[in-house]
Ligand code: SF4
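In structure tokens, the structure reads:
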């Protein structure tokens with residue numbers, strides 16, 4: 013237990029001081045994952061938003077508020093979840109991540125996945141889903157609308173690609189469907 017905590021501290025320090033790709037120049041904070049490092053559920057989003065970059069915390073901006081609502085309605089305690097991003101630095105002007113940025117930054121996510129070793133991985137949005145699907149050999153070409161909300165099994169792990177809660181900021185009508193997705197996560201959590 014102590015060893016795992018120390019490994020996370022080392023990893024967090026590396027991420028916070030990282031300058032391995034150009035994104036360090038436009039960030040305020042690089043964000044390591046945060047939450048319960050012993051959790052059975054890991055949530056992987058794309059990259060910190062602007063509020064998160066400014067405050068140095070995961071999911072504290074408008075999309076974080078939507079995520080809190082989804083957790084609450086599904087009966088999931090945020091304190092019990094580990095949350096992280098595919099890219100640890102904010103993307104300027106909310107642009108898409110570039111392949112070389114993903115390739116450079118993803119080893120940090122890989123290390124977080126190794127350390128937490130979650131039974132359930134939920135990805136938020138297209139790019140994290142594509143990365144995790146390739147990593148676990150599920151699909152090379154991701155048809156995101158088709159797989160969104162489905163549960164995929166890889167050995168003992170369950171992988172669930174979901175839409176990003178930020179979608180609810182402009183399409184509130186999707187909330188009911190998203191709550192159902194998070195209830196699925198809750199059922200999976202109860203079963204592991
Ligand atoms: Fe380092 Fe990742 Fe930030 Fe690039 S995005 S500077 S690789 S932490």
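In the working numbering, the protein residues as written are 13 to 204. Cβ atoms here follow ideal geometry from the backbone N, Cα and C, with glycine treated the same way.
- Here DSSP, grouped into helix, strand and coil, assigns residue 175 to coil.
- Counting every other CB atom within 10 Å of its CB across the protein chains shown gives residue 158 a total below 16, marking it as exposed.
- Relative to ligand 1, the nearest heavy atom lies less than 8 Å away from the CB of residue 42.
- When the five nearest sequence neighbours on each side are left out, the beta carbons in the same chain lying within less than 7 Å of the beta carbon of residue 197 are those of 53, 86, 88, 132, 134, 172, in order along the chain.
- Within a 10 Å sphere around the beta-carbon of residue 51 sit 16 or more other beta-carbons, which makes this residue buried.
- For residue 116, the three-state secondary structure derived from DSSP is helix.
- Per DSSP, reduced to three states, the secondary structure at residue 97 is strand.
- Contact between residue 99 and residue 59 is confirmed by a C-beta separation of about 4 Å, below the 8 Å threshold.
- Closest by C-alpha distance to residue 94, out of 188, 143, 126, 28, is 126.
- DSSP places residue 88 in the coil class of the three-state scheme, outside both helix and strand.
- The C-beta distance from residue 177 to residue 43 rounds to 17 Å, too long to fall under 8 Å, and the pair is not in contact.
- Segment contact: the segment 177-192 against the segment 141-148, fewer than three CB-CB distances shorter than 8 Å; contact not assigned.
- Shown here, residue 43 sits in coil according to DSSP, grouped into three states, outside any helix or strand.
- For the pair residue 37 and residue 187, the Cα-to-Cα distance works out to about 36 Å.
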